[in-house]
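Asks:
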Amino acid sequence: MTTDHVEPAVPGGECEREPGPSDSLRTFGAVVQALREHAGLSRVEFGELVRFSKHTVESVELGRRMPDESFVKRAEEALGNTGALRKAAQFLTRGEAGLAAWFRQWARLERKAVGLCTYECRLVPGLLQSEGFVRALCENEIPPLSDEALETTVQARMERQRLLRERPNTAFDFVLEEAVLMRRLGGTHVTVEQLDLILELSSQRNVTVQVMPTDSEQHACLSGPVRLLETPDGRWQAYSEGQENGRLITDPKEVSRIHMRYARLRSQALSPRDSASLLMRIRGAL
Numbered sequence: 000m001t002t003d004h005v006e007p008a009v010p011g012g013e014c015e016r017e018p019g020p021s022d023s024l025r026t027f028g029a030v031v032q033a034l035r036e037h038a039g040l041s042r043v044e045f046g047e048l049v050r051f052s053k054h055t056v057e058s059v060e061l062g063r064r065m066p067d068e069s070f071v072k073r074a075e076e077a078l079g080n081t082g083a084l085r086k087a088a089q090f091l092t093r094g095e096a097g098l099a100a101w102f103r104q105w106a107r108l109e110r111k112a113v114g115l116c117t118y119e120c121r122l123v124p125g126l127l128q129s130e131g132f133v134r135a136l137c138e139n140e141i142p143p144l145s146d147e148a149l150e151t152t153v154q155a156r157m158e159r160q161r162l163l164r165e166r167p168n169t170a171f172d173f174v175l176e177e178a179v180l181m182r183r184l185g186g187t188h189v190t191v192e193q194l195d196l197i198l199e200l201s202s203q204r205n206v207t208v209q210v211m212p213t214d215s216e217q218h219a220c221l222s223g224p225v226r227l228l229e230t231p232d233g234r235w236q237a238y239s240e241g242q243e244n245g246r247l248i249t250d251p252k253e254v255s256r257i258h259m260r261y262a263r264l265r266s267q268a269l270s271p272r273d274s275a276s277l278l279m280r281i282r283g284a285l
């Protein structure tokens, strides 16, 4: 999980590092303004062409508003069809409190994806984390988070988790290392709550949870965590995250290699039913 004011990153890509409007919004707005002025159009005239008010145009140009797809399409047509705005719009991210700057583009893609695949060997994935687990992560962060940053992070994680319930037609697949489930972060009570939540979420038709047993003699993802998603138009993208950074991977060959590893890992992990049985045994032993 993971700000002029910078707070540390909490594992999972979800903690604030960028206040207010994001740099990408300001940059996009400056490009719109430069192209508009180059075309000799006032904000009123440009607004009439794109069918948005002068105030909306101003908000976009100043980086205060995320332009919707119709604004980008009409602005592109009105300003010469250079392709600059369409390409720039792909990298727009909101200044969303509680989400790391590098994670926001991936979070936007998640909200539209038809399939999400996650392998974790470090901690419970953000979409499966209980509130107590998130608080324990934040409380263990070095240097310590401020009270405000901690609460903002918890709220952002819980809000993001709504995807699992609000997108029943999206397939969510998770593979977790057994060691992740054995770690008692936050104490026994938090661990029990976390295991109960994973069991509850895995009972949904659109959620599959598999456990990679510690004693397995084969492992296809020893290079680290994996995140993959499928877009509505059938394209696959991947995401890789380190201690203080994250990278969206769109190169088809690189994404294909990661996808192959994840597919092999799923065949090596316990079945969903056996995984649920192991989760219940771990819970019963606490």
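So in numbering that gives the first Met the number 0, spot 241 of the sequence shown is number 240, and the numbers just go up one at a time.
We put the CB at the ideal spot given by N, CA and C, even for glycine.
These numbers come from a predicted model, not from an experiment.
(1) Contact defined as beta carbons within less than 8 Å: I believe PHE51 pairs with LEU91. What is the distance between those atoms, to the nearest angstrom?
(2) I'd like to check one pair, LEU221 with TYR261: are the Cβ atoms closer than 8 Å?
(3) Locate the beta strand (DSSP E) running through LEU175, then write down its first and last residues.
(4) Rounded to whole angstroms, what's the CA-CA distance from ALA77 to LEU84? Just pull it up for me.
(5) Give the range of the beta strand (DSSP E) segment to which GLN236 is assigned.
(6) Candidates ALA29, GLY114, GLY79, GLN32: which alpha carbon is nearest PRO231's?
(7) Check for me: the beta strand (DSSP E) holding GLN209 runs from which residue to which?
(8) Please state the DSSP three-state secondary structure of CYS291.
(9) Against chain C, does PRO231 count as a neighbour if the rule is that its beta carbon must be under 8 Å from one of theirs?
(10) Quick check: what's the CA-CA separation for HIS54 versus LEU34?
(11) If you reduce the DSSP assignment to three classes, tell me which class ARG159 lands in.
(12) If we count the other Cβ atoms within 10 Å of its Cβ and call it buried at 16 or more, is VAL43 buried or exposed?
(13) Do LEU144 and LEU196 have their CB atoms nearer than 8 Å?
Replies: With the structure as the only source:
(1) Not really, about 16 Å apart at Cβ, beyond 8 Å.
(2) Their beta carbons are not under 8 Å apart, which means TYR261 does not touch LEU221 by this criterion.
(3) Following the DSSP letters along the chain, one finds LEU175 inside the beta strand (DSSP E) bounded by residues 170-176.
(4) Take the alpha-carbon of ALA77 and the one of LEU84: they are about 11 Å apart.
(5) Its beta strand (DSSP E) spans residues 235-240.
(6) Checking every option, the nearest Cα to that of PRO231 belongs to GLY114.
(7) Counted as a single uninterrupted DSSP element, the beta strand (DSSP E) harbouring GLN209 occupies residues 206-211.
(8) A query on residue 291 cannot be resolved here, the shown segment of the chain reaching from 0 to 285 and no further.
(9) Of the protein chains in this structure there is only one, and it is not chain C.
(10) In a straight line, the C-alpha of HIS54 is about 18 Å away from that of LEU34.
(11) Reduced to three states, the DSSP call for ARG159 is helix.
(12) Around the beta carbon of VAL43, a 10 Å sphere encloses fewer than 16 other beta carbons of the protein chains shown; the residue is thus reported as exposed.
(13) For LEU144 and LEU196, no; Cβs fall outside 8 Å.
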